[in-house]
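To convert, note that position 24 of the sequence shown is 435 in my numbering; the numbers rise steadily by one, no gaps.
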Amino acid sequence: MTAPILGIETTCDETSAAVLDERGTILSLVIHSQDVHRVYGGVVPELAARDHLRRIEPVVAAALREAGVERRELRAIAAAAAPGLIGALLVGVTWSRTAAFALGVPWVPVHHMEGHLFGPLLEDPAAVPPFVGLLVSGGHTMLLWVPEWGRYHLLGQTRDDAAGEAFDKVGKLLGLPYPGGPAIEAAARGGDPARYAFPRPMMRGKGGPAAPGAFDFSFSGLKTAVAQTVARLAEAGAVVEERPHLAASFQAAVLDVLAGRTVAAVEAVGCDRVLLGGGVSANRALRSRIRAEIGPDGRLFTGSPRVSLDNGAMIARAGQFRIEAGTFGGLGEAAASAPIPGMLPWKPEMRDSTLGDGPGSAARPSFN
Ligand code: KG4
Ligand code: ZN
Numbered sequence: 412m413t414a415p416i417l418g419i420e421t422t423c424d425e426t427s428a429a430v431l432d433e434r435g436t437i438l439s440l441v442i443h444s445q446d447v448h449r450v451y452g453g454v455v456p457e458l459a460a461r462d463h464l465r466r467i468e469p470v471v472a473a474a475l476r477e478a479g480v481e482r483r484e485l486r487a488i489a490a491a492a493a494p495g496l497i498g499a500l501l502v503g504v505t506w507s508r509t510a511a512f513a514l515g516v517p518w519v520p521v522h523h524m525e526g527h528l529f530g531p532l533l534e535d536p537a538a539v540p541p542f543v544g545l546l547v548s549g550g551h552t553m554l555l556w557v558p559e560w561g562r563y564h565l566l567g568q569t570r571d572d573a574a575g576e577a578f579d580k581v582g583k584l585l586g587l588p589y590p591g592g593p594a595i596e597a598a599a600r601g602g603d604p605a606r607y608a609f610p611r612p613m614m615r616g617k618g619g620p621a622a623p624g625a626f627d628f629s630f631s632g633l634k635t636a637v638a639q640t641v642a643r644l645a646e647a648g649a650v651v652e653e654r655p656h657l658a659a660s661f662q663a664a665v666l667d668v669l670a671g672r673t674v675a676a677v678e679a680v681g682c683d684r685v686l687l688g689g690g691v692s693a694n695r696a697l698r699s700r701i702r703a704e705i706g707p708d709g710r711l712f713t714g715s716p717r718v719s720l721d722n723g724a725m726i727a728r729a730g731q732f733r734i735e736a737g738t739f740g741g742l743g744e745a746a747a748s749a750p751i752p753g754m755l756p757w758k759p760e761m762r763d764s765t766l767g768d769g770p771g772s773a774a775r776p777s778f779n
C-alpha cells in the first residue's frame, strides 16, 4: 500500500471519512448523513455535534476496513477545520489531531470550500486549473477565478442567503422534506418554470465586470417572493396543487442567476473551463444549463453526488495539495468562519495575465 491519507469531514450534518492513495485515487469513502434533523426541517447544531461524536469512530473504522488499510499505515490525516458549525467541526478536528499525534503523522487542516474545489478531480484527472469555479453549497455561494491550485481570485459571493440555503428555505415553505435541494429538483420535473415570474436578483450586472459587486449574488428577495406567493395560494388551499410549478419557477430563477453570473465570469477572465462544486452542483438542471451556456468548446467539470456533497475524500485530496504546497494558509484550530487559504481579489485587468502553467500544473501529492 502506498502512502495512504485519511480525510475527515464533520463541518455540518455529514460524518464522512475517506482513504486515498498517494495518486489521489479513492480507496474508500464512507458518508453518514445525519437524519436527526429531519423533524426540525434544518440542522440543529448541538444535535449535529453529538451525532458526529457517536459516529466518527465507526465511520473511520469502516473507511479503513473498506480500503484494506491499517491505522499504522496512514501517512497523514486531513480534516475540515473551517468553516462550519463549531461544535461539529471540533469533533472532527479534535479526533483527527489526536489520532495523528498518536500515530506520529502530519495533521492537515483543510478549508471545506477548498475541499469542494477538489471534488471533481477525484473522478476526472482533467478537472484542474485554470478554471472558473462556481461553489454552491448550503452555507456558501462563490464565484472564483482559479489560475492554479492555491490561487483563488474571488469574483463574487452571496450578499445574503447561499444558493443551497435558498433551496432549503423554499423547500420548507413548500412543505417538502429537508434538505430542500433534491426535493425541489424532483418536484420541479413535473412543473412549468414559466408559471410564476420570480425575481432574478442583480441579473443586469450594473456597469460591467469592473463594477464593484458585479459578480455578487442575492437570494433573499427571491425567497421572500416565493413566500408571498405561497401565502397567497395558501388562502385558496392551492399550495400542494401548485407545488411542482412553484418549485420549477423558483429553480428556473436560481439557475438563471447562477448561469448568468458564471457565463459573465467566463467572458471576463477569458477562460471557458468551468468547475462546479458544492451540494447544489448535484442539481442536474444546473449542470445541463451551464453546459449549454458555455457551448461545445467550453469544458465543464463536475463530480458525481458522492464527491459533490460533503465528503471526506475531497478533504483528503485538498489535504494532499496542502502537504505538497507546504502551507495550511493559516488554518489550525476549528473555526466557524475563515477565508479560503490563497484567496485573492480579482480585477478585470488580470484577464489573460494570471495563468499558471496551464492544465498540467496540478500539484502531484508526494510523501517522503
Ligand atoms: O456542500 P453541501 O453538501 O453542504 C454544505 O457545505 O452546505 O451542500 C448542501 C446543500 C443543501 O442546501 C442542499 O439542499 C443542496 O446542497 N443540494 C441541492 C441538491 N442536492 C443538494 N440543491 C439543489 N439541487 C440538488 N439536487
Ligand atoms: Zn459543503
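Where a beta carbon is used, it is the ideal one built from N, C-alpha and C, also for glycine.
Item: Distance, A490 Cα to T422 Cα; Value: 9 angstroms
Item: Three-way DSSP call (helix, strand, coil) for H448 in this model; Value: coil
Item: For G771, three-class secondary structure by DSSP; Value: Confidence at G771 is low in this model, with a pLDDT of 35, below 50, so the placement of that residue is unreliable and no value is reported for it.
Item: Cβ-Cβ distance between R710 and F529 below 8 angstroms; Value: no
Item: According to DSSP, residues forming a beta bridge with E559; Value: R562
Item: The stretch 640-652 / the stretch 503-518 touching (three or more Cβ pairs under 8 angstroms); Value: no
Item: Pairwise C-alpha distance: V539 and G769; Value: In this prediction, G769 has a pLDDT of 40, which is less than 50 and means its spatial position is unreliable; what the coordinates show is noted afterwards. Looking at the two C-alpha atoms, the distance is approximately 9 angstroms.
Item: V454 versus P536 - alpha carbon distance; Value: 34 angstroms
Item: Cβ neighbours of G526 in the same chain (closer than 7 angstroms, five flanking residues each side left out); Value: A491, M725, I726 and A729
Item: F542 - DSSP class collapsed to helix/strand/coil; Value: strand
Item: Coil, strand or helix - R710 by DSSP; Value: strand
Item: Beta-bridge pairing of A386 - partner residues as DSSP gives them; Value: This structure cannot speak to residue 386, because the chain is shown only from 412 to 779.
Item: Inter-residue spacing [alpha-carbon to alpha-carbon] between H522 and R643; Value: 42 angstroms
Item: Cβ-based neighbour list, L557, same chain, cut-off 8 angstroms, excluding 5 preceding and 5 following; Value: The question names Leu, but residue 557 is Val in the sequence shown. These residues qualify, in order along the chain: L528, P540, P541, F542, V543, G544, Y563, H564 and L686.
Item: Outcome for D627 when other beta-carbon atoms lying within 10 angstroms are tallied against a minimum of 16; Value: buried
Item: A491 CB to nearest heavy atom of the ligand KG4 below 7 angstroms; Value: no
Item: Pair within 8 angstroms by beta-carbon distance, G632 and P610; Value: yes
Item: Given 8 angstroms, three or more beta-carbon pairs between the stretch 429-448 and the stretch 742-756; Value: no
Item: Limits of the unbroken alpha helix (DSSP H) element including G503; Value: I497 to L514
Item: Coil, strand or helix - M725 by DSSP; Value: helix
Item: Nearest-angstrom Cβ-Cβ length linking G550 and A573, presumed shorter than 8 angstroms; Value: 5 angstroms
Item: Run of the beta strand (DSSP E) containing G784, from where it starts to where it stops; Value: Since the first residue shown for the chain is 412 and the last is 779, residue 784 is missing from the structure and cannot be characterised.
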